[in-house]
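As numbered in the UniProt record's numbering, residues 1 to 85 make up the sequence shown, in order.
Single-structure report; data block below.
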Amino acid sequence: MAMVSLFSSLEYAISVARDIWFHKVNVRCWLEAISGHSCFNQYLDTANESIMQGSMYEKKFGYVFMIYAFGKSSEDILAELKNSY
1 MAMVSLFSSL EYAISVARDI WFHKVNVRCW LEAISGHSCF NQYLDTANES IMQGSMYEKK
61 FGYVFMIYAF GKSSEDILAE LKNSY
């Protein structure tokens, strides 16, 4: 695994992941992730519709819908998907 990754070793990859998790991730978001509530459930609410819309997009254009999603809610992404065709 280390040979095909951007990291020189598994230990270094774990060290980087640990540093990001404990020092760079917003504590509130990490607590939400552990609790399994708000963030994950928000995406589940629109998952089925997103799958249907994504399939329609792919049939029409011949490729999957791509978007820069950082900072966007699942509803925002779904709205942009719908507006794209």
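Cβ atoms here follow ideal geometry from the backbone N, Cα and C, with glycine treated the same way.
Boundaries (first-last residue) of the alpha helix (DSSP H) holding residue i
| i | result |
| --- | --- |
| K82 | 74 to 83 |
| V64 | V64 -> no alpha helix (DSSP H), and no H or E assigned at all. |
| I14 | 10 to 19 |
Separation of residue j from residue i, as counted between CA atoms
| i | j | result |
| --- | --- | --- |
| M56 | N48 | 13 Å |
| F7 | I20 | 15 Å |
| S9 | F22 | 20 Å |
| I14 | E32 | 22 Å |
| I51 | E11 | 37 Å |
| M76 | A17 | Note on residue identity: the sequence assigns Asp, not Met, to residue 76. D76 and A17: Cα-Cα distance of roughly 28 Å. |
| A2 | G62 | With a pLDDT of 49 at A2, under the threshold of 50, the modelled position of that residue is not reliable, and the figure given next carries that caveat. Answer to the nearest angstrom: the Cα atoms are 35 Å apart. |
| K59 | L81 | 13 Å |
Whole-Å CB distance - residue i paired with residue j, under 8 Å assumed
| i | j | result |
| --- | --- | --- |
| S84 | F70 | About 18 Å separates the two Cβ atoms, so there is no contact after all. |
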